[in-house]
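The block underneath contains the structure these notes are about, expressed in structure tokens.
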Amino acid sequence: MPRPITLLVEGESDRAAVVSLAPRFGVDLDAEQIAVTVIGGAGNFGRAIAEAAAQGHRVGGLYDEAEERFVAGALNRQEGEDLTRQGFFACRPDLELELVRAIGAVELAPLLEANGDLKTFRNFQDQPKYRDADALEQARRFIGANGSRKAKYAALMAEAVDFGSVPEPLEGLVNWIWSA
Numbered sequence: 001m002p003r004p005i006t007l008l009v010e011g012e013s014d015r016a017a018v019v020s021l022a023p024r025f026g027v028d029l030d031a032e033q034i035a036v037t038v039i040g041g042a043g044n045f046g047r048a049i050a051e052a053a054a055q056g057h058r059v060g061g062l063y064d065e066a067e068e069r070f071v072a073g074a075l076n077r078q079e080g081e082d083l084t085r086q087g088f089f090a091c092r093p094d095l096e097l098e099l100v101r102a103i104g105a106v107e108l109a110p111l112l113e114a115n116g117d118l119k120t121f122r123n124f125q126d127q128p129k130y131r132d133a134d135a136l137e138q139a140r141r142f143i144g145a146n147g148s149r150k151a152k153y154a155a156l157m158a159e160a161v162d163f164g165s166v167p168e169p170l171e172g173l174v175n176w177i178w179s180a
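Positions 1 to 180 (the UniProt record's numbering) are the ones given, in order, by the sequence shown.
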């Protein structure tokens with residue numbers, strides 16, 4: 001029987017994306033003994049990796065590129081080193097923008113509309129602070145503006161993204177799961 005796996009993620013939106021995407025790739029998290037664990041910030045990677053490893057779990061996860069130093073340090077690696085062999089995948093700059101880029105600004109509009117947020121998004125786009133930003137950055141900022149919206153859209157985008165456009169860190173994580 002394969003070892004249990006713990007996937008570490010910084011926040012609830014990252015967890016929502018992984019949990020939503022896994023079944024699309026044929027990964028039954030419960031049946032495969034895979035836990036997706038929110039660690040509450042990158043500074044907790046060291047403790048979380050050590051705890052999961054001490055339980056005999058394979059440990060992998062996602063992190064935002066700005067937080068690489070925490071993951072590299074926890075794995076006794078240098079910042080800038082490829083951490084994917086250890087099962088950790090960087091989101092550039094974060095998972096929200098990875099998903100927004102994968103979906104595309106035009107394709108995101110129907111998703112926002114179907115969930116009653118298109119009008120609010122259009123108002124957000126018209127705010128002076130965001131008016132000159134490109135559409136992808138506007139969408140990233142809008143989705144990330146509140147925690148419940150962030151988790152909701154992470155899950156929805158993970159369910160909606162075309163297989164050929166799945167962001168590299170998510171695809172890498174799923175492939176790493178199967179590499180055991």
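We put the CB at the ideal spot given by N, CA and C, even for glycine.
Values in this document were obtained by computation on a predicted structure and should not be read as measured data.
Requested in this report: Look up I49 in the DSSP assignment and say whether it is helix, strand or coil.
Outcome: Three-state DSSP puts I49 in a helix.
**Report entry** Between the CA atoms of S20 and E159 - distance to the nearest angstrom
**Finding:** Annotation: E159 to S20 spans about 6 Å, alpha carbon to alpha carbon.
Query - Rounded straight-line distance, which links the Cα of P93 to that of A22 - result: One alpha carbon belongs to A22, the other to P93, and they sit about 22 Å apart.
Requested in this report: Compare the C-alpha of M157 against each of R140, I39 and F70 and name the closest.
Outcome: It is R140.
Query - Residue burial classification, K129 (beta-carbon count within 10 angstroms, cutoff 16) - result: When all chains shown are included, K129 counts as exposed.
Requested in this report: Using a threshold of 8 Å, state whether the C-beta atoms of L108 and V100 are closer than that.
Outcome: For L108 and V100, yes; Cβs fall inside 8 Å.
Query raised in the report: At a cut of 8 Å, does the region 59–77 reach the region 7–20 through at least three beta carbon pairs?
Result: Enough Cβ pairs lie closer than 8 Å, so yes.
Query raised in the report: Quick one: what's I39 bridged to in DSSP?
Result: As far as DSSP is concerned, I39 takes part in no beta bridge.
Query - Extent of the continuous alpha helix (DSSP H) to which T120 belongs - result: L118 to Q125 is the extent of the alpha helix (DSSP H) around T120.
Query raised in the report: Which residues share a DSSP beta bridge with V161?
Result: Its beta-bridge partners do not exist; DSSP assigns none.
Query raised in the report: Which first and last residues belong to the beta strand (DSSP E) in which E61 is found?
Result: The displayed chain sequence assigns Gly, not Glu, to residue 61. Its beta strand (DSSP E) spans residues R58 to D64.
Query raised in the report: Got a sec, what are the start and stop residues for the beta strand (DSSP E) F25 sits in?
Result: Where F25 is concerned, there is no enclosing beta strand (DSSP E), because DSSP gives it neither an H nor an E.
Requested in this report: Please state if the CB of E12 and the CB of I104 are separated by a distance shorter than 8 Å.
Outcome: Reading the sequence as shown, one finds Gly at residue 104 and not Ile. No, they are not a contact pair.
Report task. Compute the distance between the beta-carbons of G144 and F89, then report whether it is under 8 Å. Result -> In this structure, G144 lies away from F89, with their beta-carbon atoms at least 8 Å apart.
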